[in-house]
Amino acid sequence: MNTEVRFIAAIGLMVLVLVGTNLLFPPAEPELPAAADSIGAPAGTPSAFDDVNSGDVLPVDPTPAAAVGQPQDSAAAIAGPAGAAPRQEVTVEGPLFRHVFDNYGAALISAELPTYASLRSANGDVQLVPAGTTALGKRLVVGKDTLDLSRIGFEVIPEGGLQLTEGGEPQTLTFRYQTPGGPFGIELDYTFAPDDYTIHVRTRITGLDRPYLLTSLGDGIEFNEADSTQEARAMAFVYNHLNEGVESTPFAKVDEAELVQGPILWAGYRSRYFLTAILPGTSAEDEDAYLGGLLVHTLDGDTRARVEASQTLGPSGELNYRLYLGPQVHAQLQALGNDFEEVNPYGWRWLRPVLRPIVSGILWLLTFLHETLSIGYGWVLITFGVMMRLLLWPLNQKAMRSQIKNMAAQPFVKEIQTKYKDNPEKMQKEMMKLYKEHGFNPLGGCLPLLLPWPVLIALFFVFQNTIELRGVEFLWLPDLAAKDPLFILPVILAVSMFALQYISFRSMPEGNPQMKTMMWVMPPVMGFIFLQFPSGLNLYYATSNIATLPQQLMIANERRNAGKAGKASKASKASKASKPVKPKPEVGGPTSSAKSSGKNGKRK
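Under our numbering, think of the first position of the sequence shown as 3, with each following residue one higher.
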């Protein structure tokens, strides 16, 4: 069962417990033709991006370009003699990343993040490029023809790659190619900053008339989490359309080729915690402000897809854009603008406006406690659970005392229901009168208890994709964002839930079979549902339940005392009702007459 479905079921069961207890006491996408692999595509073969015109945003020159000055019937005519440049791997290494490029096609063959450990391999770092694949491969579309740049061997400057140091200046790696004896040339500049996961890219092309540049994002993201099943569910490609907003498609649902028409503000792949994405440059020109469109290819399996982003080079033959290869750190993504932080949003679309401020507040508080108290996130969650219960203590007190009032009013409710069962209108009036006289409210005991739910729901999504909590160990738990491997916390959660319900049930003046059934059934069911949930969520919820026990005991004593007082009052009334009442003598009655006659007799 999907984790989110299980969580919805858990919330529904908690609603049943809280509310139930209180109520016991009252158009199709077009199929795409295969893209041509070379300049030598037959005349009339449709280009993959013939339909990606974006109106005034990305104008297209429909005429095939012949500016190269030589025949277009083979890739070799542009690429030059095979093996003109020796093949080599070039490494760019900094404090936050280690990227390896292939000079053929200027493609990325490895992207490691040394500050994050892979939880799938024992000693490895997080890897973004799946093994045996490449990313950032490029193709040029000129009219109806396509040139695959993976066939071109680029000159690399500097030849030995780059080594960035913390606090140092940004550095640029250049890939350059010029057709021998011809006007066609291409230059790619990748600029890296040592303290940033964002890469600034500048492309310059000569000898072609405003071609399209297709940049491949690769074949998805490598698996880096211990739970590959859960990570596979999170794998998706996501983009932000200028008019339609953020759209996300899980890889498992990519079953046919798809053309996403622009203008696009950004596009990328996401896993549970990491991201590879392409964003337009910061220039004010139209060509740098948007991506033209996306071409989505299907691949074998349901955890991979290939996405190419289209961009049009300006009249000068230059194009600027950005790449982001790194973790989903909310502040860093937000700084890039255009709602980039929504690449992996919290919660369902209809719930996000409510969840956003709650999630932001919770993340701020958890980070604040972690940094201020210098304690691990496990102890932070325990502290947070106790704080929540202390904060809600007055409201819980009010809710539980409202239950006591409801219990005291139950005999009157039953009496009204019996007396006016054939007169619903009169029954309603009497019930309203009862509410006013006794302060009775059937839902008054559960409404305050619903307040912790937004926090619980927000925490569920916080643990789904918050990078700060990934791989954090606590006691026997290897990862607070993963399930408890020993299932100790779900058991503690179920036991604490049973204890709360048992204390409440035992304090009732009269046994209730429905409540007794829920007491025995709900805790084990909830424990089973929470088995696969993040252990951090279990830790918070179990702590919250345990912190509620003292208050539950206090209210239980009040309930018992109220029940005893009610029984004493009822017994007193019953005693008075059963005691014989001596009748008063009637004026002029037999007794009076007898006394009168007796006196008269004596006088006689």
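Cβ atoms here follow ideal geometry from the backbone N, Cα and C, with glycine treated the same way.
Given the structure is predicted, the values throughout are model-derived calculations rather than measurements.
Shown here for H332: same chain residues with a beta carbon closer than 6 Å to its own, the five before and five after excluded, namely E343 in chain order.
Taking the C-beta atoms as reference points, I280 is found nearer than 7 Å to A311.
For L98, the closest of P116, G222, I490 and V203 by C-alpha to C-alpha distance is P116. Distances from the alpha-carbon of F489 to those of R100, E417, S537 and F414 put S537 closest.
Collapsing the DSSP output to three states places Y192 in a strand.
Ranking V415, N467, L297 and E320 by CA distance to the CA of V345 puts N467 first. Annotation for F186: no alpha helix (DSSP H) segment contains it, and DSSP assigns it neither H nor E. It is roughly 27 Å from the alpha-carbon of S318 to the alpha-carbon of V262.
The beta carbon of Q129 is closer than 6 Å to those of E114 and E224 in its chain, skipping five residues each way along the sequence. The beta-carbon separation of T200 and R324, rounded to 6 Å, stays under the 8 Å limit for a contact. Residues of the same chain with a CB within less than 8 Å of the CB of Q553, apart from the 5 flanking positions on each side, are R391, W395, N398, Q399 and M402 in chain order. Shortest Cα-Cα distance from L142 to any of P515, G183, P213 and R472 involves P213.
With contacts defined by Cβ atoms closer than 7 Å, M517 and F530 do not form a contacting pair.
Of the candidates L393, I505, G378 and D424, G378 places its Cα closest to the Cα of L477. Take the alpha-carbon of T148 and the one of H243: they are about 26 Å apart.
Under the DSSP definition of a beta bridge, Y214 partners with V143 and T314.
I201: member of the beta strand (DSSP E) spanning T200 to T208, first to last residue. Here the alpha carbon of V382 sits roughly 60 Å from the alpha carbon of F186. Scanning K255, V497, A87 and S362 for the CA closest to the CA of V527 turns up V497.
When C-beta atoms of the segment 168 to 182 are compared with those of the segment 295 to 307, fewer than three pairs fall below 8 Å, so the two segments do not count as touching. Under the three-state reduction of DSSP, P347 is assigned to coil, being neither helix nor strand. Closest option to L371, judged by alpha-carbon separation, among I360, P359, I384 and V361: I384. According to the DSSP assignment, F276 belongs to the beta strand (DSSP E) that extends over F276 to P282. Secondary structure of Q330 (DSSP, three-state): coil.
Of N563, L482 and K255, the smallest CA-CA separation from E227 is found for L482. A direct Cα-to-Cα measurement between M524 and L365 gives close to 30 Å. Remark: C-beta atoms of L502 and N540 do not approach each other more closely than 7 Å. Note that the C-beta distance between L293 and Q313 is below 7 Å.
Pairing Y542 with G387, the inter-Cα distance amounts to about 5 Å. Linking G283 to N322 through their CA atoms gives a straight-line distance of about 5 Å. In the DSSP annotation of this structure, the continuous segment of the beta strand (DSSP E) that includes T117 starts and ends at A109 to A119.
For the 7 Å CB-CB criterion, L357 and Y348 form a contact.
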